[in-house]
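Residue numbers (the working numbering): 249 to 331.
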Amino acid sequence: MEHKNYRFCKKRTVVETGTTYFSCVKFRAGCPARLVVKKGGAIIERNAHCCDQDILEEVADVRRDMSLELQDRAIKEFSVAPG
249 MEHKNYRFCK KRTVVETGTT YFSCVKFRAG CPARLVVKKG GAIIERNAHC
299 CDQDILEEVA DVRRDMSLEL QDRAIKEFSV APG
């Protein structure tokens, strides 16, 4: 969901009340912004964004590269006989 040029991901929906809860997609980076969407369509904003999504999107995610490098090194070190 997009709201005021920020992206949010759905966390849960309470069926009894028809309320849906969203978090900023950068919540893992520490952004506390939340949205509460009521059954009638009212949107309640909770907490201010502390993320600048344009800057954060430019940061490279190197987890896959690091994983491949670690696997490669483990294979090379495993192939060397101890001693």
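The beta-carbon is built from N, C-alpha and C at its ideal position, and this holds for glycine as well.
How long is the line joining the alpha carbons of K339 and K274, rounded to whole angstroms?
One cannot answer for residue 339 here, as it falls past the ends of the chain, which runs 249 to 331.
By the DSSP assignment, the beta strand (DSSP E) with E293 in it spans what residues?
291-294
Cβ shell of V263 (< 8 Å), same chain only, five flanking positions each side left out:
none
In its own chain, which residues sit with a C-beta less than 6 Å from the C-beta of G266, not counting the 5 before and 5 after it?
K287
In its own chain, which residues sit with a C-beta less than 6 Å from the C-beta of V285, not counting the 5 before and 5 after it?
T268, I291
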